[in-house]
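Just below is one structure, and these are the notes that go with it.
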Amino acid sequence: MPEQKKIIEKIDKFAVNSRKNILDMALAAGASSSHFGGALSIVDIISTLYVSQMNISKKDPCSKSRDRFILSKGHGCLAYYAALCEIGHLNKNELKSFEKNESDLLGHPVLNKKLGIDFSTGSLGMGLSLGIGVAISFKKKKLKNAVYVVLGDGECNEGSVWEAAMAASNFKLDNLQIIIDNNGYQQTGLNKEIMNTYSLTEKWKSFGWHTSEVDGHNTKKLFNYFEKNKNIKKPKALIAKTIKGKGFSFSENNNDWHHTVLTKNLYEKAMLEISKR
Amino acid sequence: MNIKEKDIKIWSAIGPRATLGMAALSLANEVKNLIVLTCDVSTSAGLDRFRKNYPEKYIDLGIAEQNLIGVAAGLASEGFNVVTTTFAPFQTMRCCEQIKVNLGYMKQKVCMVGIASGLVLGQLGYTHCSIEEIGALRSIPGITIVSPADSLETVKALESAINFDKPIYIRLTGGANNPMVYKKDYDFKIGKAITLKEGKDITIFCSGAIVFECLKAADLLDKKNISTCVVNMHTIKPLDKLALEKSLDKKMIVTVEEHNIIGGLGSAISECKSTYSKSPKQLSLGVKDTYGKCGDYKYMLNKHGLVAEKIVNDVISNLEI
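First to last, the sequence lines map onto chains A and B. Residue numbers for the first sequence follow this note's numbering, so the first one is 1 and each next one is one higher. Residue numbers for the second sequence follow this note's numbering, so the first one is 278 and each next one is one higher.
Listed below in structure tokens is the structure:
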């Protein structure tokens, strides 16, 4: 399938550029640090969505036909801003304003329709409820738009996630998909050390969702997953197996990179690593 | 909405909760994008007929208030005119952070209605009473707070809130056979207090079902030669500063509320009053920062000094003549 190969190449290029954008922002943040690890784990997921799945208009961030993206794990915003830059809603200079005084790009996303940010997130456990409200709106208006929500595995500690989980299947929201960034870590350690969620797949399944597990960095598998689930008449949960800090030798599976400073030396090392791929 | 005197009497008899349901029913035709969300309280909020007549405009989210506010915000962001309703403590305190982020920070326009607020559910205990929520919500930027004095004002407030462009909380107090403060239709504007009775010595600022009791207290005070003005401060935030300014030359300002004396109307008046170089003493009446024994509504009001006779006594003992 040469067509598919082209799409995957496009996704991968988008992901590489996103990681570079992330490095630029993390460096610009300087001593104020950035949520590095949990952004890198969702880059390939977000790249797959923006390149191959979501209906978006590069010219008009407010286009009515756009699918909605909600980053419920708002601290992963570096990956979000990186993607918004790649589709042209943000430029490279704006990226460098990350976390600077009066910037539009805060350490957690703030609603800004012109930039393609539909909701403010950051306080964990709230994004899925928003997604349900939007998905119900589309159903009521008989619109075909889809809703994608990215959650963290640590975020699933929040009770409100499960209130929303229950509601989505109750309302049969087949226009709603979630992707859980299952990197196995949360702020201060491994999920299984802090709050063992055991099988997230079983949990979401028992809440009435169509659930799947896919390698969250294998863009071909991610692409195929989304292509194949289109006719499933249920809300869909992908438990994406990911690596926190994915992409750079010093940050992969190293939870010190949850929120930390990227030095100039490490920035250069990272840029070198990425150029060798 | 065309309001008849017959309706006003019926609403008063059925109380603010059932009135809410009837008002929503009348507004559903006029407001095309109206949608009502509840948390398994359709009957308590008088919404059974609404649910049957407009199933497409009604969503029950089950007993899950945090999700209620998030879903409401999602619908609002897509252009729906959303009313959420459940018992006041669960409508507010339970999901306070969702209100902060979705309605305050994000400014999603949702109208929240807290039913059975204040002390009316005293027999169920303080889990179901709500004496804290004005304080909690008042500290969230951008949330308007309205506390109607009777059933008619409940209808007026709901209609205004639906046509309002900002997030808003309507706090319903009182029970069935809710005494009428207003016997016929009148002008209601969010943020504009209403002087119900003039008086030159003191002013009572009040809101909610307790307004009626304050009017009774004012008549008793008049008879004791304390000329008492009564202002229905139905909007607690933003506070009607002009209405307060008119009373700065009085001997005393009294605030009466079915809420903790910390955080509510009394605090709002006090904060505003403190910005003037000359202002009179304030007597804040309400729940005195305590939980306690519980009982029926009459017992609760009496226990907290929120009946006309006790208000009169408190005023007299605090007034320096």
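We put the beta carbon where it would ideally sit given N, CA and C, even for glycine.
Problem set entry | 9 Å Cβ cutoff, residue 222 of chain A in contact with chain B | no
Exercise. Roughly how many angstroms lie between the CA atoms of residue 378 of chain B and residue 442 of chain B, to the nearest whole one?
Worked result: 17 Å
For this session: Decide if residue 350 of chain A is buried, meaning its Cβ has at least 16 other Cβ atoms within 10 Å, or exposed.
Result: The shown model of chain A, from 1 to 277, leaves out residue 350 of chain A, and the question about it has no answer.
Exercise. At a CB-CB cut-off below 7 Å, which residues of chain B make contact with residue 163 of chain A?
Worked result: 341, 343, 344
Exercise. So which residues on chain A does residue 368 of chain B lean against when the C-beta distance must stay under 9 Å?
Worked result: Per Cβ cutoff of 9 Å: no residues; residue 368 of chain B is ~15 Å from chain A at best.
Exercise. Is there a Cβ from chain B that is less than 9 Å from the Cβ of residue 135 of chain A?
Worked result: yes
Exercise. Considering only residues of the same chain and omitting the five flanking positions on each side of residue 472 of chain B, which have a CB-CB separation below 6 Å?
Worked result: 508
Exercise. Given a threshold of 16 other Cβ atoms within 10 Å of its Cβ, counted over all protein chains shown, does residue 522 of chain B qualify as buried or as exposed?
Worked result: exposed
Exercise. Any C-beta of chain E sitting closer than 9 Å to the C-beta of residue 166 of chain A?
Worked result: Here chain E cannot be found, since the structure's protein chains are A and B.
Problem set entry | Limits of the beta strand (DSSP E) - the one that residue 448 of chain B falls within | 445-448
Problem set entry | Where the stretch 116-128 of chain A meets chain B: residues whose CB sits under 9 Å from a CB there | 118, 119, 120, 121, 122, 123, 125, 126, 127, 128
Exercise. Name the residues in the stretch 442-470 of chain B whose C-beta lies less than 7 Å from a C-beta of chain A; which are they?
Worked result: none
Exercise. Quick one: complete beta strand (DSSP E) runs, 3+ long, within the stretch 388-433 of chain B?
Worked result: 421-423
For this session: Taking only beta-carbon positions, decide if residue 71 of chain A is within less than 9 Å of chain B.
Result: no
Exercise. Taking Cβ positions, are residue 533 of chain B and residue 490 of chain B nearer each other than 9 Å?
Worked result: yes
Problem set entry | C-beta neighbour in chain A for residue 494 of chain B, strict 9 Å | no
Exercise. How would you call residue 62 of chain A, buried or exposed, if buried means at least 16 neighbouring beta carbons within 10 angstroms?
Worked result: exposed
Exercise. Is the beta carbon of residue 86 of chain A less than 9 Å from the beta carbon of residue 29 of chain A?
Worked result: no
Problem set entry | Whole-angstrom distance between residue 323 of chain B and residue 12 of chain A, CA atom to CA atom | 55 Å
Problem set entry | Runs of beta strand (DSSP E) lying entirely within the stretch 343-373 of chain B, each at least 3 residues, in chain order | 358-364
Exercise. Any Cβ of chain A within less than 9 Å of the Cβ of residue 382 of chain B?
Worked result: yes
Problem set entry | Residues bridged to residue 164 of chain A [DSSP beta-bridge criterion] | According to DSSP, residue 164 of chain A bridges with nothing at all.
Exercise. Roughly how many angstroms lie between the CA atoms of residue 294 of chain B and residue 414 of chain B, to the nearest whole one?
Worked result: 21 Å
Exercise. Excluding sequence positions up to five away, which residues of its chain have a Cβ less than 6 Å from the Cβ of residue 487 of chain B?
Worked result: 533, 535, 583
Exercise. Can you list, in chain order, the stretches of the beta strand (DSSP E) that have 3 or more residues and sit fully within the stretch 52-130 of chain A?
Worked result: 68-71
Problem set entry | Closest residue to residue 385 of chain B among B:305, B:408, B:355, B:449 (Cα-Cα distance) | B:355
For this session: State the CB to CB distance for the pair residue 258 of chain A and residue 116 of chain A, rounded to an integer number of angstroms; the pair is presumed to be in contact (CB under 8 Å).
Result: The Cβ separation is near 26 Å, so there is no contact.
Exercise. What residue from A:256, A:235, A:245 has the CA that sits closest to residue 270 of chain A's CA?
Worked result: A:245
Exercise. Using a beta-carbon distance below 9 Å, is residue 400 of chain B in contact with chain A?
Worked result: no
For this session: Could you tell me whether the Cβ atoms of residue 479 of chain B and residue 529 of chain B are closer together than 9 Å?
Result: yes
Problem set entry | DSSP-derived helix/strand/coil call for residue 516 of chain B | coil
For this session: State the DSSP-derived secondary structure class of residue 476 of chain B, mapped to helix, strand or coil.
Result: coil
Problem set entry | Simplified DSSP state of residue 482 of chain B, which is helix, strand or coil | strand
For this session: Pick helix, strand or coil for residue 312 of chain B, following the three-state DSSP scheme.
Result: strand
Problem set entry | Where residue 584 of chain B meets chain A, residues with beta-carbon distance less than 9 Å | Within 9 Å Cβ-Cβ: nothing; residue 584 of chain B doesn't reach chain A, min ~40 Å.
Problem set entry | Cβ-Cβ distance between residue 429 of chain B and residue 280 of chain B below 9 Å | yes
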